[in-house]
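Q: First, the structure itself, so that you have it in front of you.
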Amino acid sequence: MCVMLCYHTCVVLCGYIKKVKSMEKKYKKILENLILEKIPHCRIYLFGSRARGTAQSGADIDLALDAGEPIAFDTLCVLQDAIEQTDIPVFVDLVDLATASDLLKNEVIKEGIVWENHQ
3 MCVMLCYHTC VVLCGYIKKV KSMEKKYKKI LENLILEKIP HCRIYLFGSR
53 ARGTAQSGAD IDLALDAGEP IAFDTLCVLQ DAIEQTDIPV FVDLVDLATA
103 SDLLKNEVIK EGIVWENHQ
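The opening residue of the sequence shown carries number 3 in this note's numbering; numbering runs sequentially from there.
Shown next as structure tokens:
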């Protein structure tokens, strides 16, 4: 009985994990497209709980943007509005690395994952 329950739980959980990963890929693509449309040649870092692999259900998506110079406030507002119009079910927090605190920059550099594949 325990073996069957454990097997069923694993199948359900593994299926859930696969579903979450495919959804995350979908959302990554949407976010990359929106960001690069507004800020070409921007380096995008995923950081926070999703980068550490400790995100709980409904956790926000923390993204740090490195455009090599400060990003205009209007551009960030337009980008945030565009993201909110998508079907991404969680809040996406955008941070401009050029204007972020040193503490946050260090966290992003230390723990962040660079989204390299802008395809």
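Built from N, CA and C at the ideal position, the CB exists for glycine as well.
All values reported here derive from a predicted model rather than from experimental measurement.
Who are the near neighbours of LEU78 in its chain, counting only those whose CB is closer than 7 Å to its CB and skipping five residues on each side?
A: Closer than 7 Å at the Cβ level, and outside the excluded window around LEU78, lie LEU96 and ASP98.
Q: When DSSP labels each residue in this structure, what does VAL116 get in the three-state scheme?
A: Three-state result, VAL116: strand.
Q: Assuming ALA66 is part of the beta strand (DSSP E), what are its boundary residues?
A: That run of the beta strand (DSSP E) goes 63–68.
Q: Could you check whether ARG45 and ASP68 sit closer than 8 Å to each other, using their CB atoms as the reference points?
A: In contact: ASP68 and ARG45 (Cβ atoms closer than 8 Å).
Q: Keeping to the same chain, check which residues put their C-beta closer than 6 Å to that of GLY70; ignore five residues upstream and five downstream.
A: Result list for GLY70: empty, nothing under 6 Å.
Q: If ILE85 sits next to LEU33, beta carbons under 8 Å apart, how far is it from one beta carbon to the other, in whole angstroms?
A: Confirmed, Cβ separation roughly 7 Å.
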